[in-house]
Amino acid sequence: MVRNFKTAGILAGVVLALGLPLAYAQSSAKTLETGTFHGKVHNTSGRATIYREADGRLILRLTNFKTSNGPDVHVVLIAAKDADDDANFLKNSTERVELGALKGNEGDQNYEIPAGTDLKKFQTISIYCERFNANFGAAPLEKF
Amino acid sequence: MRTSAPLRSKSFEVFENGIGPGKWPDSISVGMFMTIHISPWLLRRKWILVAIGLPVLVALWWAFRPEKLWINQKVNEPAPFDTSADPQPILTGRFEGNARHTNGRATIYKKPGGEYLQLSDFTAPSGPDIHVALVHDDAQAKSGLDSLDLGPLKANQSDQNYNLPGGTDLDKYDAVLIYAERPHAVFGLAKLEPF
Numbered sequence: 001m002v003r004n005f006k007t008a009g010i011l012a013g014v015v016l017a018l019g020l021p022l023a024y025a026q027s028s029a030k031t032l033e034t035g036t037f038h039g040k041v042h043n044t045s046g047r048a049t050i051y052r053e054a055d056g057r058l059i060l061r062l063t064n065f066k067t068s069n070g071p072d073v074h075v076v077l078i079a080a081k082d083a084d085d086d087a088n089f090l091k092n093s094t095e096r097v098e099l100g101a102l103k104g105n106e107g108d109q110n111y112e113i114p115a116g117t118d119l120k121k122f123q124t125i126s127i128y129c130e131r132f133n134a135n136f137g138a139a140p141l142e143k144f
Numbered sequence: 001m002r003t004s005a006p007l008r009s010k011s012f013e014v015f016e017n018g019i020g021p022g023k024w025p026d027s028i029s030v031g032m033f034m035t036i037h038i039s040p041w042l043l044r045r046k047w048i049l050v051a052i053g054l055p056v057l058v059a060l061w062w063a064f065r066p067e068k069l070w071i072n073q074k075v076n077e078p079a080p081f082d083t084s085a086d087p088q089p090i091l092t093g094r095f096e097g098n099a100r101h102t103n104g105r106a107t108i109y110k111k112p113g114g115e116y117l118q119l120s121d122f123t124a125p126s127g128p129d130i131h132v133a134l135v136h137d138d139a140q141a142k143s144g145l146d147s148l149d150l151g152p153l154k155a156n157q158s159d160q161n162y163n164l165p166g167g168t169d170l171d172k173y174d175a176v177l178i179y180a181e182r183p184h185a186v187f188g189l190a191k192l193e194p195f
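Which chain is which? The protein sequence lines are D and P, in order.
Everything in the first sequence is counted per our numbering, starting at 1 for the first residue and increasing by one.
Everything in the second sequence is counted per our numbering, starting at 1 for the first residue and increasing by one.
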C-alpha cells in the first residue's frame, strides 16, 4: 500500500511538472535576439535565440546545435560582442552569466536566463569548458 | 666472559630493529633515493601502489573525460512555448552595411498559405524605384541572373511583408537584396541562414 501511494504521488508530481508548464506555455513568445555559432577548433554550429515568454521569463534556445563533447561544458552569456576560439575569459576577466551545464552536445535545448540580465551588455552566447577555460564556440546575438 | 658476548649481540639486535642509531641512515635513504630504497618495500605491499595509482587514474579520467571524444550526448527539447499556430521563421539574416546604409533584418516565414519575406527593425535610404529581391549571393552583381524580384520597396522604414510567389525554390536563393532599378545601385544585402 505504501509503495502504491508513493508511485501514485510520484506519477502525480510528474504529470503536474509536465502539465503545468505546458498549460502556461500556450501563449506564444516574442523573439528578441538570434545569432549563429562559430567555432573551428571544437567545431561548433547551430543557432542561439533568446525569447521572452508571455510571463516575462527569458529563454535561450539552441537549435540545429552541435559542438564537441567535453568535460564540464557550460552555456554562458558573456559581456562581449563576440569571442574567438582562443578567447580566455579568465585572463580577459570577461563578465559572464552562467546559464547552466550544457545538456547535450547535439540537438535542440532550452536554458533559462536569470531575471534582470541586461541583454544590451551580454551580447554573446559561449559554449565554455570551465575545466580548461576554453571557448568551444560563440554566437554573437543580434536583434531579431 | 661467557655471559658478556650474548649480551653484546642482543644489544645489536635492538639497534637493527630501529630503536638505536642504526635507524637513521635507513630512514634518510628512504626519503632521498625513493626508487632504489622504497621499491622492494613497495613490492611487498602492492596495495600501496594500487591505493596511490587508482586515485591518480580516476583524477586524470575525471579531468579529461577521454570517452567523450567518441560519445555524443543528444538532446531534443521542445520549445518551452507553443508557436505552432504562428508563421514559422525558416531563414533569417541581417543587412550588412553597404555604400548606402541599409539596416535591419530579413526573415522568410512559412505559413499555411505560403511563404513571405518580412523586413523588420528596418531602415533604408529613400529614393525612387527601390526594389526588394531574392538573390543568390554569388550572382548579386549580375543583373537578372538567379534573382527573384519581390516588387518595389513599400517603405524605407518600419516592418513590412512581401509574399513569395507560389512554388519559390528557396534553395536557389541565399540573400535578400535592396537595390535601385535606375541607377542600378545595391543599397543593402542580407545573407540568409537557416533559423
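Note that CB positions come from ideal geometry on N, CA and C, so glycine has one too.
Values in this document were obtained by computation on a predicted structure and should not be read as measured data.
{"Item": "Beta-ladder partner(s) of R61/D, from DSSP", "Value": "T49/D, N110/D"}
{"Item": "Secondary structure of P25/P, DSSP reduced to three states", "Value": "Below a pLDDT of 50, predicted positions are generally treated as unreliable, and P25/P, at 40, falls in that range; the measurement from the model is reported next regardless. In this structure, P25/P counts as helix in the three-state DSSP scheme."}
{"Item": "T71/P: first and last residue of the uninterrupted beta strand (DSSP E) it sits in", "Value": "At residue 71/P the sequence reads Ile, which differs from the Thr that was named. Where I71/P is concerned, there is no enclosing beta strand (DSSP E), given that its DSSP letter is neither H nor E."}
{"Item": "Anticipated Cβ contact below 8 Å, S120/P with T107/P, distance rounded", "Value": "7 Å"}
{"Item": "Span separating the alpha-carbon of H131/P from that of C129/D", "Value": "46 Å"}
{"Item": "Helix, strand or coil at Q26/D [DSSP, three-state]", "Value": "Low per-residue confidence applies at Q26/D: pLDDT is 47, beneath 50, and the placement is therefore not dependable enough to give any value."}
{"Item": "Residues near K40/D by beta carbon distance below 8 Å, same chain, minus five either side", "Value": "D85"}
{"Item": "Beta-carbon proximity check, K66/D vs T44/D, cutoff 8 Å", "Value": "yes"}
{"Item": "Cβ-based burial, L57/P [other Cβ within 10 Å; buried from 16]", "Value": "exposed"}
{"Item": "Below-8 Å beta-carbon distance, P80/P vs any chain D residue", "Value": "yes"}
{"Item": "Close-in-space but distant-in-sequence residues of the same chain around G166/P (CB under 7 Å, 5 per side omitted)", "Value": "G114"}
{"Item": "7 Å Cβ shell around R131/D - same chain, five flanking residues per side excluded", "Value": "P71, D72"}
{"Item": "Residues of the segment 89-110 of chain D with Cβ closer than 9 Å to any Cβ of chain P, in chain order", "Value": "L102, K103, G104, N105, E106, G107, D108, Q109, N110"}
{"Item": "Opposing strand residues paired with N103/P [DSSP bridges]", "Value": "T123/P"}
{"Item": "beta-carbon L77/D near the ligand SAH non-hydrogen atom, thresh 7 Å", "Value": "Because no ligand of any kind appears in the structure shown, any question about the ligand SAH cannot be addressed here."}
{"Item": "Per-residue DSSP class, three states only, for F64/P", "Value": "helix"}
{"Item": "Interface residues of chain D facing K110/P [CB-CB closer than 7 Å]", "Value": "Ordered by position in chain D, no residue passes the 7 Å Cβ test against K110/P, which lies about 15 Å from the chain."}
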